[in-house]
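J.: With the UniProt record's numbering, the residue at position 286 of the sequence shown is 286, and numbering never jumps.
Just passing along the structure, written as structure tokens.
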Amino acid sequence: MLFSKLAQYFSRIEATPKRLEITAILADLLKESSPEEIDKICYLVLGQLAPLYEGVEFNLAGKMLLRVMTDAYMVPGAEVEKIAKEKGDLGDAAEELAKRSKVSGSRLTVGQVYAKLRQIAEDSGTGSQERKVREMAGLFQSLDPLSVRYVARIPVASLRLGFSDKTILDALSVAEAGDKSLRPLIERAYNVSADIGRIAQFVKSKGAKGIEKIEVTVGVPVRMAAAERLPTPAEILEKMGGKLAAEPKYDGFRVQVHLDKSRKQAADNEGVEQPALAGLVGVEKGSWVRIFSRNLENTTPMFPEIAAAAQKLAAKSLIFEGEAIAYNPDTEEFEPFQETAKRKRKYGIKEKAVELPLKVFAFDLLYLDGRDLTREPYETRRRALEKLVSGHEDTIILAEERVFTNAKELEKFFLEEIEHGLEGIMTKRLDGVYQAGVRNFNWVKLKRVEEGKLEDTIDCVVLGYYTGRGKRTQFGIGGFLVAVYDDKNDTFKTISRVGSGLTDEEWREMKKRVDALKTKEKPKNADVAKEHNPDVWAEPSIVVAIRADEITKSPLHTAGGLALRFPRLMAFRDDKNPEQATTVAEMEELFRQQRKR
């Protein structure tokens with residue numbers, strides 16, 4: 001397929017706000033794609049060059065793209081900046097400049113443009129920024145104006161098509177079956193093997209029978225299972241059939257650890273054999289380890305002690321999940337989440353690993369020595385995990401587990417964990433399978449409730465901010481608009497304005513983050529009543545944890561007519577992507593539970 005044809009599809013998608021129409025256009029595009037290019041097209045429509053866990057980043061900021069336009073079209077920098085400011089979008093500015101230059105563009109294919117973009121993104125080392133600008137300018141000169149619009153947006157991760165990978169799953173089903181009947185099968189495959197390009201290739205080349213054969217693979221992250229909420233131990237026990245397992249709920253961040261001792265680390269120059277890990281006691285050369293976050297990011301270089309500990313486990317290959325939490329060796333206590341979050345960094349890793357060593361409480365085993373355990377009951381997975389981790393409990397520790405049949409005993413366990421300073425408990429159905437990427441009642445969390453407050457924080461997505469008044473005029477931001485995720489329609493619906501809970505530094509950080517994602521107009525996948533329109537819009541990308549006193553009815557907020565009362569910021573949730581935010585359905589259920597109390 002010519003890239004100019006792909007750009008025409010992008011333009012049609014960008015022009016419509018209708019979800020069904022977007023899905024239909026995508027389905028037509030995928031039907032027209034060849035098996036050799038469909039994976040690349042799936043990455044490109046999401047504004048990516050690879051699955052998230054590969055970590056392919058352009059490192060070409062907006063200012064550098066202005067230089068690209070200057071060099072490509074021989075226009076003074078001041079004129080380029082003026083056009084970019086008028087258009088409010090780098091892609092639109094590049095398209096305008098391409099039209100003025102009367103460049104017709106060559107007949108480059110999707111594969112050729114993808115290969116060039118990937119080459120530019122992967123260029124590193126001395127002089128790489130100058131080479132990136134030069135190569136990108138050359139690419140611009142080889143493309144028609146419409147194609148330039150979308151190619152210019154990819155490095156800044158703002159394609160503005162207004163949908164996520166969830167819509168691609170629908171489109172793949174429509175392209176293959178003519179309707180959404182294959183969606184559950186395709187989604188299950190994607191949940192256990194989170195590479196949308198790979199899934200698309202399977203659907204295209206092997207159809208439904210091929211997609212059924214996709215299983216858990218070491219090295220490809222599994223989309224993590226999630227827990228439902230219930231308000232009391234008695235209700236949880238009843239929901240789970242009168243018997244359940246319970247674990248402490250640690251306030252850290254979730255990790256998924258992959259190990260394959262048959263693969264040689266040096267072959268791909270990633271993971272534990274990196275400068276950040278060089279010389280670390282206990283890290284073996286040649287062992288292949290990956291540590292993935294909840295949002296599928298490859299965080300291996302950040303956590304050398306976890307990588308080293310995983311290599312010592314008595315397994316040839318495995319995937320296990322756990323909660324990583326910082327441990328203070330001086331006080332012999334676990335640190336709060338804000339301290340643990342300091343371990344997520346690209347620089348100063350060795351020093352921080354000594355200052356704030358991590359402990360991982362392993363709680364589930366998904367794969368062991370060639371055997372996919374996700375379809376096995378929880379009890380089977382737990383026994384295998386116990387056997388694997390026992391005797392190696394230093395950095396990797398087996399999460400405490402108790403089995404309960406009595407609600408009062410379960411409540412006692414819950415209160416004990418609260419006294420220990422933890423968030424609460426996680427309960428699990430003993431016969432429950434591991435349902436990747438799904439939130440259901442196989443797992444149910446019970447968290448402490450402060451008087452007059454909701455029992456849990458709400459993970460929201462920032463849609464923009466309001467300029468400040470009074471003291472906050474110095475920050476240029478006085479509040480921000482947040483939304484929750486409508487997973488049925490792949491949109492974000494507003495739930496609250498937030499104007500408290502931030503330190504001065506956090507106000508500055510919020511403005512900086514939103515400004516990096518700001519758009520001239522409301523994002524097409526945001527459902528906002530005009531009364532709540534912010535002064536500055538942002539692409540839905542920033543996830544924050546919001547604490548509120550209660551959920552109330554609202555005639556203006558679009559998340560099921562609900563709103564948060566007295567909302568305040570608790571934390572930036574960089575470990576989550578927007579589609580992992582709290583859903584509208586969850587908010588409706590929380591509202592029902594609140595009314596019962």
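Backbone N, C-alpha and C define an ideal beta-carbon position, used for all residues, glycine too.
May I ask you to list the residues that DSSP assigns as paired with residue 496?
T.: Paired residue(s): 482.
J.: Quick check on the burial criterion: 16 or more other C-beta atoms within 10 angstroms. Buried or exposed for residue 242?
T.: With fewer than 16 Cβ atoms within 10 Å of its Cβ, residue 242 is classed as exposed.
J.: Could you compute how far the alpha carbon of residue 394 sits from the alpha carbon of residue 484?
T.: 39 Å
J.: Please state the DSSP three-state secondary structure of residue 322.
T.: Looking at residue 322 - three-state DSSP - the assignment turns out to be strand.
J.: Are the beta-carbon atoms belonging to residue 318 and residue 339 less than 8 Å from one another?
T.: no
J.: Based on Cα-Cα distance, which residue from 2, 130, 212 lies nearest to residue 64?
T.: 130
J.: For residue 445, I'd like the list of residues in its chain whose CB is within less than 7 Å of its CB, leaving aside the five on either flank, ordered along the chain.
T.: Cβ contact annotation for residue 445 (same chain, cutoff 7 Å, sequence separation greater than five): 227, 229, 249, 424, 426, in chain order.
J.: If we count the other Cβ atoms within 10 Å of its Cβ and call it buried at 16 or more, is residue 390 buried or exposed?
T.: exposed
J.: Which ranges does the beta strand (DSSP E) cover as unbroken runs of at least 3 residues, wholly within the segment 366–413, from first to last along the chain?
T.: DSSP runs (the beta strand (DSSP E)) wholly in the segment 366–413: 396–398, 402–404.
J.: Taking the straight line between their C-alpha atoms, what separation do you get for residue 13 and residue 126?
T.: 39 Å
J.: Mark residue 19 as exposed unless 16 or more other C-beta atoms lie within 10 angstroms of its C-beta, in which case mark it buried.
T.: buried
J.: Pull up the distance between the alpha-carbon of residue 56 and that of residue 3, whole angstroms please.
T.: 21 Å
J.: Please report the distance separating the alpha-carbon of residue 529 from that of residue 108.
T.: 42 Å
J.: Leaving out five residues on either side along the sequence, give the residues of the same chain with a beta carbon under 7 Å from the beta carbon of residue 157.
T.: 47
J.: Grab me the residues of residue 233's own chain with a C-beta within less than 6 Å of its C-beta, minus the 5 sequence neighbours each way, in chain order.
T.: 407, 410, 411
J.: Out of 591, 584, 330, state which residue places its alpha-carbon closest to the alpha-carbon of residue 550.
T.: 591
J.: In the DSSP output, which residue or residues are listed as bridge partners for residue 444?
T.: The secondary-structure analysis by DSSP pairs residue 444 across a beta bridge with 228, 427.
J.: Hey, out of 350, 568, 583, whose CA is closest to residue 305's CA?
T.: 350
J.: If distances are taken between C-alpha atoms only, which option among 545, 429, 572 comes closest to residue 505?
T.: 572
J.: In three-state terms, what does DSSP make of residue 519?
T.: strand
J.: Between 494, 381, 103, 486, which lies nearest to residue 557 when the distance is taken from Cα to Cα?
T.: 494
J.: Do residue 581 and residue 461 come within 8 Å of each other at the CB atom, strictly closer than that value?
T.: For residue 461 and residue 581, yes; Cβs fall inside 8 Å.
J.: Going by beta carbon distance, what residues of the same chain come within less than 6 Å of residue 500, once the five residues before and after it are set aside?
T.: 568
J.: If we count Cβ pairs, one from each stretch, closer than 8 Å, do we get three or more for the segment 177–195 versus the segment 207–216?
T.: Short answer: they touch.
J.: One question on the structure: do residue 77 and residue 70 come within less than 8 Å of each other, judged by their Cβ atoms?
T.: yes
J.: Can you tell me which residues form a DSSP beta bridge with residue 578?
T.: In the DSSP output, where bridge partners are listed per residue, residue 578 has none listed.
J.: Give the DSSP bridge partners of residue 460, in chain order.
T.: The partner list for residue 460 (beta bridge, DSSP) reads 544.
J.: To the nearest angstrom, report how far apart residue 31 and residue 176 are at their CA atoms.
T.: 8 Å
J.: Rounded to whole angstroms, what's the CA-CA distance from residue 420 to residue 325? Just pull it up for me.
T.: 14 Å
J.: Touching or not, the segment 87–107 and the segment 25–42, by the rule of three or more beta carbon pairs under 8 Å?
T.: no
J.: Among 167, 488, 163, 95, which has the Cα closest to the Cα of residue 153?
T.: 95
J.: Hey, residue 523 and residue 578: beta-carbon distance below 8 Å or not?
T.: no
J.: Considering only residues of the same chain and omitting the five flanking positions on each side of residue 150, which have a CB-CB separation below 7 Å?
T.: 7, 10, 91, 159
J.: Should residue 256 go down as buried or exposed, given a rule of 16 or more other Cβ atoms within 10 Å for buried?
T.: Within 10 angstroms of the beta-carbon of residue 256 lie 16 or more other beta-carbons, which makes it buried.
J.: What number of angstroms, rounded off, separates the C-alpha of residue 496 from the C-alpha of residue 44?
T.: Separation of residue 496 and residue 44 (C-alpha to C-alpha, rounded to the nearest whole angstrom) is 32 Å.
J.: Got a sec? Which residues, its chain only, sit under 6 Å from residue 589 by beta carbon, not counting five neighbours each side?
T.: Closer than 6 Å at Cβ, skipping near neighbours: no residue.
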